[in-house]
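One structure is given below, encoded as structure tokens.
There are 4 protein chains.
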Amino acid sequence: MLITINENDPRPLYAQLVANIKEQVQTGQCQPGEALPSVREVAELLGINLHTVHKAYQILRDQGVITLRLGRGAHVAPLRAHPDDPAQAEARLRDRLRESVIEAYHLGLSARDVRRLMSEELRRIETERNAS
Amino acid sequence: MLITINENDPRPLYAQLVANIKEQVQTGQCQPGEALPSVREVAELLGINLHTVHKAYQILRDQGVITLRLGRGAHVAPLRAHPDDPAQAEARLRDRLRESVIEAYHLGLSARDVRRLMSEELRRIETERNAS
Amino acid sequence: MLITINENDPRPLYAQLVANIKEQVQTGQCQPGEALPSVREVAELLGINLHTVHKAYQILRDQGVITLRLGRGAHVAPLRAHPDDPAQAEARLRDRLRESVIEAYHLGLSARDVRRLMSEELRRIETERNAS
Amino acid sequence: MLITINENDPRPLYAQLVANIKEQVQTGQCQPGEALPSVREVAELLGINLHTVHKAYQILRDQGVITLRLGRGAHVAPLRAHPDDPAQAEARLRDRLRESVIEAYHLGLSARDVRRLMSEELRRIETERNAS
DNA sequence: GTGGTCTAGACCACG
DNA sequence: GTGGTCTAGACCACA
């Protein structure tokens, strides 16, 4: 598992780590049960602070993406097949999508553009997952 | 035009104002050329500081959503029909959608759910706009 | 003489008036000695405040572009053939050009672009002047 | 990196800071990747308020001149090699140059003077950049 | 009345 | 330590 950060990304480092790992888990680049590198390894490899990595791992644990056990490191948790609370999950995503659509329109893009780009993204993630 | 903020929203106040106003402009709840309430009015109405509102208005001006003129207040700018830089606009939206899809999967939602919710949102905004 | 303002111009109204009139004088669209419309006429025509126009006229008088005489209105002053203080005039222009060059580079334009655009502008004004 | 402000300059402080830093970046007095002094340092050094400096840094970030990262300070961004939107970039510069030419004529300078001063400025910046 | 700038000082989040 | 947000209040420039 190769965790990376991007100097030009405006998000804080810990948020980049979280997003990066979630994406890799989701696209199947790392499998449930697989071990993640230790906090110390990641920090050294990326040349960042230990507690920045620690914070990212804690967030991932809180979101159920990984498991952390004392002395045994971090492991990828099994993927959620169904939402714990479907209504809440949908509401959250709905808000995100609503914001995205507003932004798209302000950028001058059309509903058609949005639909096309979303289809592309959905397809891309599916194929990445199947390839791995 | 009714601008609101939400105590529980994790975003900073100025960002909430920006999002709120962009949404109202986009859904047609206020028309191009229409005057927005003055910085002072909004600040008083919401019980927040002048500068917080001012910052939001400046951002909206920078993004081309409103015009601000010394001594003459704020007005809704005409909507962008086409992106200034289509490739860049698409890239930005693509990143947002990609993040949303990853999040959706981690919430336990399916590609089908995502598609359905997106269609609903696109339709909702269109109808709001046509209604006004 | 037709004085105009532009809603989308970020400059304050009085500054637009000043720039507009200076340009017309310079390009020969109005000749030395010619009468300018009265403060009141301009204000009514453009639907702006009397003292906004008044301020613009005062500035133009201070800069020697027009003459204002009580009861006789405003008239275009003769063009300056040579700078009153050549060193100071050059220094002022130099600062402006320096700023423009810095901006050009930050916009991603080259020295060549700057030269080309400057030549075009110089030529454009000459031809406009000769045409009138 | 030495940032300065000028009491007699009619521009607001934050705008002076922006122009000053852009010039230094452009003339190569500071290299891409190089760290800028922190907001607090600049504020203390110049005896002005934190927010004034902060605003300048934000503008520079929005214009792509520097990068700002929470907890990690400000750094010079890579220079733009080509305009994102060439037509728009040229239009902006053209307006600036047009204004400058009008001003030059009103100062009593000739087209020849303008050409000469512009050449000098272009050359000056090139040599400064090559020297560093 | 309007927006724009500057100051002063508090508090938070990130690394 | 860093940047980021919010408040409070003063003062200026424009219309």
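Protein chains in written order, with my numbering: chain P, 1 to 132; chain Y, 1 to 132; chain W, 1 to 132; chain D, 1 to 132.
Just so you know, even glycine gets a beta-carbon here, dropped at the ideal spot from N, CA and C.
Because the structure is a prediction, the values reported are computed rather than measured.
* Asked: Any Cβ of chain P within less than 8 Å of the Cβ of residue 70/D?
  -> yes
* What is the residue span of the beta strand (DSSP E) that residue 65/D lies within? -> Where residue 65/D is concerned, there is no enclosing beta strand (DSSP E), given that its DSSP letter is neither H nor E.
* Asked: To the nearest angstrom, how far is it from the Cα of residue 73/W to the Cα of residue 102/D?
  -> 24 Å
* To do: Output the boundary residues of the beta strand (DSSP E) element that contains residue 74/D.
  => 73 to 76
* To do: Assuming residue 77/P contacts residue 66/P (C-beta within less than 8 Å), just tell me the rounded distance between them.
  => In this structure residue 77/P touches residue 66/P by the C-beta definition: roughly 6 Å separates them, less than 8 Å.
* Considering residue 100/D, what are the terminal residues of the alpha helix (DSSP H) in which it resides? -> 86 to 106
* Asked: Of all Cβ atoms in chain D, is any one closer than 8 Å to the Cβ of residue 84/Y?
  -> yes
* Say whether the segment 49 to 57 of chain D touches the segment 8 to 21 of chain D, bearing in mind that this needs 3 or more beta-carbon pairs closer than 8 Å, one atom from each stretch. => With a cut-off of 8 Å, the segment 8 to 21 of chain D and the segment 49 to 57 of chain D count as touching, because enough Cβ pairs lie within range.
* **Alpha-carbon spacing of residue 130/W relative to residue 120/W, whole angstroms** => 15 Å
* Please find out if some non-hydrogen atom of the ligand PLP comes closer than 7 Å to the beta-carbon of residue 122/P. => With respect to the ligand PLP, the structure shown offers nothing to examine, as it has no ligands at all.
* **Interface flag, residue 41/W vs chain D, CB-CB below 8 Å** => no
* To do: Taking 8 Å as the cut-off, decide whether the C-beta atoms of residue 80/W and residue 106/D are in contact.
  => With contacts defined by Cβ atoms closer than 8 Å, residue 80/W and residue 106/D form a contacting pair.
* **Chain-ordered chain D contacts of residue 105/W [CB-CB under 7 Å]** => For a Cβ distance threshold of 7 Å, residue set 26 of chain D lies close to residue 105/W, ordered along the chain.
* Taking the C-alpha atoms as reference points, what is the distance between residue 83/D and residue 89/P? -> 42 Å
* Return the residue from the list 91/P, 44/P, 2/P, 63/P that minimises the CA-CA distance to residue 30/P. => 2/P
* Among 33/Y, 42/Y, 110/Y, 85/Y, which one has its Cα closest to the Cα of residue 104/P? -> 85/Y
* Asked: Along the chain, where does the alpha helix (DSSP H) that runs through residue 48/W open and close?
  -> From DSSP, residue 48/W is part of no alpha helix (DSSP H); its letter is neither H nor E.
* **Any C-beta of chain P under 8 Å from that of residue 113/Y** => Interface criterion met: the Cβ of residue 113/Y is under 8 Å from a Cβ in chain P.
* Just tell me which of 71/D, 118/D, 91/D has its CA closest to the CA of residue 92/W. => 118/D
* To do: Out of 68/P, 70/P, 7/P, state which residue places its alpha-carbon closest to the alpha-carbon of residue 32/D.
  => 7/P
* Asked: Is DSSP giving residue 81/D helix, strand or coil here?
  -> coil
* Would you decide whether residue 123/W is buried or exposed? Buried here means 16 or more other CB atoms lie within 10 Å of its CB. => exposed
* Would a C-beta distance cut-off of 8 Å place residue 27/P and residue 132/P closer than the cut-off? -> yes
* To do: Check the Cβ-Cβ distances between residue 9/Y and every residue of chain D, and say whether any is below 8 Å.
  => False, the Cβ-Cβ gap to chain D never drops below 8 Å.
* Asked: Does the beta carbon of residue 12/P sit closer than 8 Å to a beta carbon anywhere in chain D?
  -> Interface flag for residue 12/P against chain D is set, since a Cβ pair is found closer than 8 Å.
* **Within-8 Å CB hit, residue 89/D to chain W** => yes
* Asked: Could one say the Cβ of residue 92/Y lies closer than 8 Å to chain P's Cβ atoms, at least one of them?
  -> yes
* Distance between beta carbons of residue 43/P and residue 36/P, contact taken as under 8 Å -> At roughly 13 Å, the Cβ-Cβ gap does not stay under 8 Å, so residue 36/P and residue 43/P are not in contact.
* Asked: CB residue 70/D to CB residue 12/P, shorter than 8 Å?
  -> yes
* How many whole angstroms separate the CB atoms of residue 5/D and residue 46/D, which I take to be in contact at a CB cut-off of 8 Å? -> 6 Å
* To do: Can you tell me the Cβ-Cβ gap for residue 98/P and residue 100/Y, rounded? I've got them flagged as a contact below 8 Å.
  => Not a contact, Cβ separation roughly 11 Å.
* Asked: Would you say residue 62/Y and residue 62/D are within 8 Å of each other, going by their C-beta atoms?
  -> Inclusion of residue 62/Y and residue 62/D in the CB contact set at 8 Å is warranted, their separation being smaller than that value.
* Could you check the C-alpha separation between residue 10/Y and residue 128/Y for me, to the nearest Å? => 26 Å
* In terms of residue numbering, what span does the alpha helix (DSSP H) encompassing residue 120/W cover? -> 111 to 131
* Checking contacts by CB at 8 Å: is residue 62/Y closer than that to chain D? -> yes
* Reducing DSSP to helix, strand and coil, say where residue 11/Y ends up. => coil
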